[in-house]
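Report on the following structure.
In the numbering used here, the protein residues as written are 348 to 464.
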């Protein structure tokens, strides 16, 4: 198989898994709000819920960004690539698997370090 085709498939997998996670998170928002209120105190868990929602949004945005960059075969610097990779790996088990494949492709293509300018 062509390496570019596999890389496009990997980008699509990252984006689709992000969409699935987004739908699941949106469907579980009312339950999550109730659980944060029950965990903290009645009507005082809102700020904790908003903080958790922002953190999950950052993880989802990183997954979409990494998927977009991998799909387009963009040359990312190591700080951006590995930062996105860590954020995606933190998000879920599928994120860990997809990031391992992304890192493997990066090393196989010789992009483990930034190019000299």
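Positions of the beta carbon are idealized from the N, C-alpha and C atoms, including for glycine.
No experiment lies behind these values; they were computed from the predicted model shown.
Below 8 angstroms on the Cβ atoms is my guess for residue 361 versus residue 406; work out the distance and round it to an integer in Å. The pair is not a contact, with the Cβ atoms about 12 angstroms apart (cut-off 8 angstroms).
Among 368, 376 and 417, nearest to residue 451 - alpha-carbon criterion: 417
Output the boundary residues of the alpha helix (DSSP H) element that contains residue 404. 393 to 418
Ordered list of alpha helix (DSSP H) runs contained in the stretch 355 to 393, each at least 4 residues: 376 to 386
Option nearest residue 404 by Cα separation, candidates 386, 443 and 437: 437
In the DSSP assignment, find the alpha helix (DSSP H) that holds residue 438 and state where it starts and stops. 425 to 438
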